[in-house]
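For the sequence shown, position 385 matches number 389 in our numbering, and the numbering has no gaps at all.
One structure below.
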Amino acid sequence: MGSQVYNRPAKLFSGALTQCALPIVSVCLVFGACKHETQLFELLSPERTGITFANDLVPAETLNTYVFRNFYNGGGVAIGDLDNDGLADIVLTGNQVSNRLYINKGDFRFEDVTESAGLYSASVWTTGVSLVDINSDGWLDIYLSKSGPPGGARRHNELFINRQNGTFIELAHEYGLAFQALGIHASFFDYDGDRDLDAYVLSNPVRSLDDLEPAPDLRQFPDPDGGNRLLRNDDSRFADITAAANIYSSKIGFGLGVSTGDVNRDGWTDLYVSNDFFERDYLYLNQQDGTFMETGTRTISTMSLSSMGGDIADYNGDGWPDIFVSDMLPDLPWRYQSRIAFPSWSDYASSLMDGYHHQATRNTLQLNRGRSPEGNLQFSEVSRIAGLESTDWSWGGLIADFDLDGRRDIFVPNGIFKDLLDQDF
């Protein structure tokens, strides 16, 4: 196949289980029952906003999807008030281009202050970005996850501390956050109830996927060159407590998303980690004593196979947080027939025996049913009932009330520049 751009429309699902596709030509989200369409968003041009960022990728003989499997995984975006003027600013990360900081000047107009803020990043492959007041001084700081081929300068994750004068200083090593792997993202939350923000750093192993085969107990062995990390904030110095807190950090953890929420309503933040490839997802319940208990196989009957990320929120308004995870199931018949492959029953049964649980190639919506009579948390997978199991090559999900009707909707971003499943390299 020759070069092409494959980009399915993003989708917005309503809490009433209706859906409409986003036409690429109009580039606007459409919502409702599809009979009475209402345009929720308006696309503003770069000339109008001043935002000219483009995460352009140029494959070469030494750097492409064969050399680096996450070549087309993209970058990140974070929105927050970095200069404390009451307006939300935007940070965009680049892979082969510099990250960009756009300061909000009001009326949807932005100014690129990347260079003057000290954030220019030539030849640095950045993925996720988090805005967090990491030192509790009332000003948002910037944490950047780094990826790309190993080696080179500034390869570690970076923490830019807000100097409160429009500039930032990089202090990841000083804070204990300078990890180096195939960085994906980081989530900051108070896991131990001491009123400061701890961190879960999501990373992929550096070794090739071809070198790995499903086998029993692989997730029990930490990967020194990659793997996820849980870091406790000890007065602005972060301590690695991954093993002590019972967090998996193995070479098979190809996490692409981490979501936080109090799924069992005990007042403590829990974690859901979405893993791509053969490893199952993790649901960590906070034990309120500095540790977590991983309960995915006991509380969830079926998980997504190629989990790409998602969100935790109360989707149906019953007071119990639900879990949405996106996958890669095509919604067009011709793509479904040409892309979907099923393992043999013997392979599937073997993976179950090895602890990889029931997984299916589709989005999953885990409806939280609360506690059983025995007191155990329980979920039901209802994506097909809800009509949101197939959104093609998706990258996450965001649950929010987009049309302000009091019901939670789900936005699913999707698409990839090269159709890798069709050998479009």
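The beta carbon of each residue, even a glycine, is placed where N, CA and C say it ideally should be.
Fair warning: this is a prediction, and the values are worked out from it, not measured in the lab.
Residue i versus residue j: straight-line alpha-carbon distance, rounded
{"i": "A58", "j": "T118", "result": "14 Å"}
{"i": "E378", "j": "P337", "result": "43 Å"}
{"i": "T22", "j": "V62", "result": "Per-residue confidence for T22 stands at a pLDDT of 31, beneath the threshold of 50, marking its modelled position as unreliable; the derived number appears in the next sentence. So the two alpha carbons sit approximately 39 Å from each other."}
{"i": "Y2", "j": "G230", "result": "Because residue 2 is not part of the residues shown, which for the chain are 5 to 429, the question remains open."}
{"i": "A126", "j": "N99", "result": "9 Å"}
{"i": "F281", "j": "N166", "result": "37 Å"}
{"i": "M307", "j": "E115", "result": "43 Å"}
{"i": "I420", "j": "R339", "result": "14 Å"}
{"i": "N169", "j": "G84", "result": "16 Å"}
{"i": "L144", "j": "S342", "result": "46 Å"}
{"i": "T365", "j": "K422", "result": "20 Å"}
{"i": "D396", "j": "V277", "result": "20 Å"}
{"i": "N418", "j": "G197", "result": "36 Å"}
{"i": "E174", "j": "I138", "result": "13 Å"}
{"i": "I94", "j": "S149", "result": "16 Å"}
{"i": "D200", "j": "N68", "result": "40 Å"}
{"i": "N88", "j": "F192", "result": "20 Å"}
{"i": "N208", "j": "K109", "result": "37 Å"}
Residues sharing a beta bridge with residue i, DSSP
{"i": "N237", "result": "F242"}
{"i": "K150", "result": "T130"}
{"i": "S191", "result": "Y204"}
{"i": "L163", "result": "Y147"}
{"i": "R104", "result": "L96"}
{"i": "F114", "result": "N108"}
{"i": "S398", "result": "N418"}
{"i": "I316", "result": "I327"}
{"i": "N290", "result": "F296"}
{"i": "S278", "result": "G261"}
{"i": "S384", "result": "L371"}
{"i": "V81", "result": "L96"}
{"i": "S311", "result": "Beta-bridge pairing links S311 to no other residue."}
{"i": "E174", "result": "F164"}
{"i": "L336", "result": "Answer by DSSP bridge pairing: none, since L336 is not bridged."}
{"i": "A64", "result": "L67"}
{"i": "A404", "result": "D413"}
{"i": "L86", "result": "Paired residue(s): none; L86 is not in a bridge."}
Reference residue i; option with closest CA among the options
{"i": "S384", "options": "R302, T97, L163, S311", "result": "R302"}
{"i": "M357", "options": "L333, I316, I245, A219", "result": "A219"}
{"i": "Q393", "options": "S310, E174, D318", "result": "Going by the sequence as given, residue 393 is Glu instead of Gln. Taking only the C-alpha atoms, the option nearest E393 is S310."}
{"i": "E46", "options": "F112, N77, N88, L67", "result": "F112"}
{"i": "N268", "options": "L67, N161, G323, N88", "result": "G323"}
{"i": "N161", "options": "L186, L369, L213", "result": "L186"}
{"i": "T246", "options": "D239, S263, N418, P228", "result": "P228"}
{"i": "G321", "options": "N372, G54, G314", "result": "N372"}
{"i": "M297", "options": "F346, L381, D214, T131", "result": "L381"}
{"i": "A295", "options": "D244, E217, R211", "result": "Rather than Ala, the amino acid found at residue 295 in this sequence is Thr. If we check each option's Cα against that of T295, D244 comes out closest."}
{"i": "D221", "options": "I256, S263, S191", "result": "I256"}
{"i": "S240", "options": "A203, L408, I94", "result": "A203"}
{"i": "Y76", "options": "S398, D409, E217", "result": "S398"}
{"i": "N367", "options": "D238, T53, G391", "result": "G391"}
Reduced DSSP secondary structure (H/G/I, E/B, other) of residue i
{"i": "G300", "result": "helix"}
{"i": "Q224", "result": "helix"}
{"i": "L216", "result": "coil"}
{"i": "S254", "result": "strand"}
{"i": "L356", "result": "helix"}
{"i": "C38", "result": "Here the model assigns C38 a pLDDT of 47, short of 50, so the residue's position is not dependable, and the following value carries that caveat. Correct three-state label for C38: coil."}
{"i": "A390", "result": "helix"}
{"i": "D351", "result": "helix"}
{"i": "Q168", "result": "coil"}
{"i": "S120", "result": "helix"}
{"i": "A364", "result": "strand"}
Proximity of residue i and residue j at Cβ, strictly below 7 Å
{"i": "F406", "j": "L44", "result": "yes"}
{"i": "F258", "j": "N290", "result": "no"}
{"i": "V205", "j": "F225", "result": "no"}
{"i": "A121", "j": "L105", "result": "yes"}
{"i": "F164", "j": "I146", "result": "yes"}
{"i": "Y195", "j": "T299", "result": "no"}
{"i": "N103", "j": "L86", "result": "no"}
{"i": "G261", "j": "G400", "result": "yes"}
{"i": "G265", "j": "P325", "result": "yes"}
{"i": "H177", "j": "R284", "result": "no"}
{"i": "D141", "j": "V101", "result": "no"}
{"i": "G180", "j": "F242", "result": "yes"}
{"i": "S387", "j": "L369", "result": "yes"}
{"i": "I389", "j": "A317", "result": "no"}
{"i": "V133", "j": "A82", "result": "yes"}
{"i": "T171", "j": "T130", "result": "no"}
{"i": "R223", "j": "S263", "result": "no"}
{"i": "A249", "j": "L234", "result": "yes"}
{"i": "G314", "j": "F328", "result": "yes"}
Check: residue i C-beta below 6 Å from any heavy atom of the ligand SAM
{"i": "V133", "result": "Among the ligands in the structure shown, none appear at all, so the ligand SAM cannot be discussed."}
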